[in-house]
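Down below is the structure, laid out as structure tokens.
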DNA sequence: TATTTTCCGTTGCAAAAGCAACACATTATG
DNA sequence: CATAATGTGTTGCTTTTGCAACGGAAAATA
């Protein structure tokens, strides 16, 4: 593992050097990919926003992950054990690089720089994913909608180094991410405002508690 | 990555070959370790059972992960981003191997076989952890206690290749794992029995639906 | 710019989940 | 083996959450 690995530089460089990558452009609401058992796909979001969503038998939608610029996704990061369908949906127009691999940890036969760098750094990239997943589990184990909202806001606050930040979701999608009913979440958000915990200006949240 | 890697053989072999490992024995309810920022610890449970638990500010306990024989845990698999304390508690008497590393992906200076094998296979071990985490997220995103119970039972059923299986938890702990109130869970479990979905004989669950 | 679609904000009511308390069973422990 | 500690099963009551529905705002689209 190379600790000086810079994901952004890496991503901006490799598309020149590698022939096996496919670049595609999607418009809003298009399905970018579905997760399929035993296919080995790695995807990189070059720009735009997309969500990994799951629909269950009751018709509930869950946003499993939210992806923005330079996010990595695909079956590498998700061994499929569920029967429910997993889709990646474009939330805005976006550009995605696709790469089907044989053995993700080995560089390809053509020996290009991209695959070498990728296989060297993949363990670290997977560890980053582990961190995300653990944070998500902590959110989901919170017992009340209020704690889920506050927990998520606190996470965004930390990530933005500020008590004020833009929500990356519509409120409708936020409910599907926190796995709660939208109207119940709206009610709770209102109470949080009334109780002086947060303010909301447009799509921006301001935390009022230390 | 070596696809023929056998975790069990690996674990049973290396303690002879590596000097940097520490073996310790714990009795029930002892704290095996706490997760500490910027320490690099990898632990292997040689026998017994242990849980990774988190206590939140409201006094709720969450069982984050349940470990049995040959489980791997420690900071490698959990970059700490939370303020809550994370403890590993022994659920029975158990034996644990500890290993503090500098760079987990590199073999150590003494060049022993263990570290070489470990660094070669760690990516795959981390991917296994990713799979576990994704399954856990799927459980936690289920909207009702009933669906959480059925989802968990279905998972155990798949894992045991049988519609009948032992619960690895006490019911009290199961509630803390599913992140629901114990008495509410008991009520729901009773309803599941009344509705003919499951039977419970001692600590064994029998699924009655196809 | 007119029109359609999506999202926001809200509410009444129903259902689910949480809380607290208790008796009894089972399991550890001196 | 007696006693303490922990786990199970249950219930009444309260609080939270979900569901369904609706009007208006905002955003997308023709």
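Chains as they are written, first to last, in this note's numbering: chain A, 17 to 226; chain B, 17 to 226. The beta carbon of each residue, even a glycine, is placed where N, CA and C say it ideally should be.
I want to verify the contact list: residues of chain A whose CB lies under 8 Å from the CB of residue i, in sequence order.
i	result
residue 146 of chain B	93, 94, 95, 142, 145, 146, 149
Go ahead and pull the three-state DSSP assignment for residue i.
i	result
residue 18 of chain A	Only weak support is given to the placement of residue 18 of chain A: the predicted model assigns it a pLDDT of 45, under 50, and the question is left unresolved by the model.
residue 180 of chain A	strand
residue 50 of chain B	strand
residue 77 of chain B	strand
residue 120 of chain A	coil
residue 175 of chain A	helix
residue 185 of chain A	coil
residue 15 of chain A	Since the displayed chain A opens at 17 and closes at 226, residue 15 of chain A lies outside it and no answer follows.
residue 212 of chain B	coil
residue 147 of chain A	helix
residue 94 of chain A	coil
residue 161 of chain B	helix
residue 225 of chain B	coil
residue 129 of chain A	helix
residue 36 of chain A	coil
residue 206 of chain A	helix
residue 200 of chain B	helix
Tell me the DSSP bridge mates of residue i?
i	result
residue 67 of chain A	A/82, A/105
residue 217 of chain B	B/220
residue 140 of chain B	According to DSSP, which records beta bridges pairwise, residue 140 of chain B is partnered with nothing at all.
residue 111 of chain A	A/41, A/63
residue 26 of chain B	None, per the DSSP bridge assignment.
residue 89 of chain A	A/59
Applying a beta-carbon distance threshold of less than 9 Å, which residues of chain B neighbour residue i?
i	result
residue 80 of chain A	150, 153, 154, 157
residue 292 of chain A	This structure cannot speak to residue 292 of chain A, because chain A is shown only from 17 to 226.
residue 245 of chain A	Since the displayed chain A opens at 17 and closes at 226, residue 245 of chain A lies outside it and no answer follows.
For a contact meaning CB atoms closer than 7 Å, what does residue i contact in chain A?
i	result
residue 138 of chain B	139
Which residues in chain A sit within 9 Å of residue i, going by Cβ to Cβ distance?
i	result
residue 213 of chain B	Result: empty, since nearest Cβ-Cβ is about 15 Å, beyond 9 Å.
residue 98 of chain B	150, 151, 154
TODO: Taking a Cβ distance cut-off of 7 Å, strictly less, list which residues of the stretch 184 to 195 of chain B are near chain A, in chain order.
DONE: 195
- [ ] Report yes or no: do three or more beta-carbon pairs, one from the stretch 48 to 68 of chain B and one from the stretch 89 to 104 of chain B, lie closer than 8 Å?
- [x] yes
Task: Stretch-stretch touch, CB-based, cutoff 8 Å, three pairs: the stretch 67 to 86 of chain B with the stretch 134 to 144 of chain B - done: no
Open item on the list: Tell me whether the stretch 165 to 174 of chain B and the stretch 203 to 216 of chain B touch, counting them as touching only if at least three CB pairs, one residue from each stretch, are closer than 8 Å.
Closed with: yes
Open item on the list: Could you check whether the stretch 94 to 110 of chain B touches the stretch 147 to 156 of chain A, counting it as contact only if at least three pairs of C-beta atoms, one from each stretch, sit closer than 8 Å?
Closed with: yes
Task: Sufficient close CB pairs (3 or more, under 8 Å) joining the stretch 171 to 186 of chain B to the stretch 200 to 209 of chain B - done: no
- [ ] Please list the residues of the stretch 165 to 178 of chain A that have a C-beta atom closer than 7 Å to any C-beta atom in chain B, keeping them in chain order.
- [x] none
Open item on the list: Closer than 8 Å is the cut-off here; do at least three beta carbon pairs connect the stretch 187 to 197 of chain B with the stretch 149 to 165 of chain B?
Closed with: yes
Open item on the list: Count Cβ pairs between the stretch 219 to 226 of chain B and the stretch 110 to 125 of chain B that sit closer than 8 Å; are there 3 or more?
Closed with: no
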